[in-house]
Each structure stands twice: as C-alpha cells, then as structure tokens.
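Heads up: the structure comes next, in structure tokens.
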Amino acid sequence: MMEANEKKAFLMELQRTPEMYVLISTCTKMPYVYCEPESFDDQVFIFHKQEDAVKAMEELKEKEIPVRVIKLINNQFLSFYSNLYLIGVNGLSVDYGTENVQNIQLSELVRRPDDSQLPEGKVKVENPELQLTTLYYMQELRRKPGLGSEQRFRDMEEELMAHFRKGTYIVPVKDNKNIPLMKMKNGDAFQPIFTDMPEFLKFCRDGQFKPAVVPYDKLRPVLLEQSKGMLVNPFGFHLVLKKTQL
Numbered sequence: 000m001m002e003a004n005e006k007k008a009f010l011m012e013l014q015r016t017p018e019m020y021v022l023i024s025t026c027t028k029m030p031y032v033y034c035e036p037e038s039f040d041d042q043v044f045i046f047h048k049q050e051d052a053v054k055a056m057e058e059l060k061e062k063e064i065p066v067r068v069i070k071l072i073n074n075q076f077l078s079f080y081s082n083l084y085l086i087g088v089n090g091l092s093v094d095y096g097t098e099n100v101q102n103i104q105l106s107e108l109v110r111r112p113d114d115s116q117l118p119e120g121k122v123k124v125e126n127p128e129l130q131l132t133t134l135y136y137m138q139e140l141r142r143k144p145g146l147g148s149e150q151r152f153r154d155m156e157e158e159l160m161a162h163f164r165k166g167t168y169i170v171p172v173k174d175n176k177n178i179p180l181m182k183m184k185n186g187d188a189f190q191p192i193f194t195d196m197p198e199f200l201k202f203c204r205d206g207q208f209k210p211a212v213v214p215y216d217k218l219r220p221v222l223l224e225q226s227k228g229m230l231v232n233p234f235g236f237h238l239v240l241k242k243t244q245l
C-alpha cells in the first residue's frame, strides 16, 4: 500500500504520462469491467506499456473472455476517466499482472462532474446502475454461445430491467416529431435510445437529431407502431428490448 506522498506522485505521473492502454470488451464495445473480489470495486484495466496490456488480453482470451487493446493519448484521458462515472465504474487497476500493479479509486484521479453547476433548465441524463449491470451481463452472455439458458442470466436480466424501469433516457428527434428507426439484420426495426450524452453523440455527430429527455414511464407513448421495441445504446452494449419487455 502506497504512502500519501507516493500516492500523490503516482497519480500525478498517471495524469502526465503520454499514453495509456485500455482493455475493451469485444462483447460490449466498452471498457472491460471487472469486480475485484476483495474490495468489490468495479474496475477497468489500464496499462503504461502496450506489451503488458497485450499479455493481459491473451490471458483473458485463454479464459474465453474476449477483449482487445486500445491506445489512449494524454488529451483523451480526462474524457475517458470522466465517462467511467457514467458506466458505474469506481476503480482502476493500473498495470494489472505486473510487479507494479496498483489499484486506485477513480475519484482519486478525476472528480465526478458537479451536477449542481448545470445551467437552469438543463438536465443531466445518466444511468450508471443500468450501464454497469448490462456490461456485466453482456460480457458474460456474449462470450460463449449457449450460456444464456443458465439461471444466473435470468437473475441478471431481472436486475437489469429493474434499473431500466428507474431510468431516464435520451430519444433522438428530428424536427420535433420524426423519430429514427434502426433495422436489424433480419429486417426488424427498433427505436434507438441512449443512457447518456456520450452514447447519443456516437449516433448523432452531425446535429441532425436533437436529444429529447424521456423518463421510463413516458417511453411507451413515443414508441412507433412499426417499431418492435427499443435499442439501448446501439453503438455501445447494444441492448435489445422488445415491446413486451417495456
């Protein structure tokens, strides 16, 4: 365990280093999330060296956990770390699997954005409990065919839906009335909705659609007749919810 001065120096070095490497789940297209068994921290893995990240990736693949490595440069750090709050992550495992491994709290590295400073009339939309539960669910469900029949997935689905029903979401709207649909490979159409602004911006980078904030109990009225249901974060964990689940 680091002394206070060591911890301060370590955090400063982590902020100033030119680049870091992160493990991304291929099941969710999001940072791979791991529950640390002793502290129960929900962590992501970051590395100073690419070779250490690749080694960890290979070790996870041997356990049938598919991940890939991405590189972050320094000017991407703040956005990356801040967005971890949106997915319910509270910890970082730095250089996991090496003699230099350190576990730190996300709050030690970057402050959580202060919602009290939002302009009047503005609302911040985020659903960290839903995001975190869905990430764990999808990481496990999609890693190997045939796992979905196990009872533990039914339990995770119930928890996931409980969080979903408590949430508020962003629905893309064009000209205050047109709502887009996204087609699946089988031709079925679903309406995209988003848990937060970063996910919305993955869908709408050009400003073609405006974000409408809709709580769960108001989602059904905006569901188009031709839609089969909702598609949550289509460019993230891609959660499909049919009308019957809503």
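Numbering (numbering that gives the first Met the number 0), first residue to last: 0 to 245. The beta carbon of each residue, even a glycine, is placed where N, CA and C say it ideally should be.
Item to complete: Return helix, strand or coil for residue 222, following the three-state DSSP convention.
Response: coil
Item to complete: With a threshold of 16 other CB atoms inside 10 Å of the CB of residue 64, please say whether the residue is buried or exposed.
Response: buried
Discussion item. Suppose you measure from the CA of residue 171 to the CA of residue 28; what does that come to, to the nearest Å?
Written reply: Using only the alpha carbons, I get a separation of about 21 Å.
Worksheet entry | Pairwise C-alpha distance: residue 30 and residue 231 | 17 Å
Worksheet item: Hey, out of 202, 209, 206, 215, whose CA is closest to residue 162's CA?
Response: Residue 215 holds the alpha-carbon nearest to the alpha-carbon of residue 162 among 202, 209, 206, 215.
Worksheet item: Given residue 241, which residues of its chain have a CB within under 7 Å of its CB, disregarding the five upstream and five downstream residues?
Response: 227, 228
Discussion item. When you compare the CB positions of residue 21 and residue 68, do they come within less than 9 Å of one another, or not?
Written reply: yes
Worksheet entry | Span of the beta strand (DSSP E), counted from its first residue to its last, around residue 41 | 41-46
Worksheet entry | Length of the line joining the Cα atoms of residue 160 and residue 2 | 42 Å
Discussion item. Starting from residue 127, trace the alpha helix (DSSP H) in both directions and tell me its first and last residue.
Written reply: 127-140 is the extent of the alpha helix (DSSP H) around residue 127.
Worksheet entry | Under 9 Å between C-beta atoms of residue 212 and residue 167 | Taking a C-beta distance under 9 Å as the contact criterion, residue 212 and residue 167 qualify as a contact pair.
Discussion item. So, does the segment 77-97 touch the segment 37-57, judging by three or more C-beta pairs under 8 Å?
Written reply: yes
Worksheet item: residue 38 bridges to which residues according to DSSP?
Response: According to DSSP, which records beta bridges pairwise, residue 38 is partnered with nothing at all.
Discussion item. According to DSSP, is residue 234 part of a helix, a strand, or is it coil?
Written reply: coil
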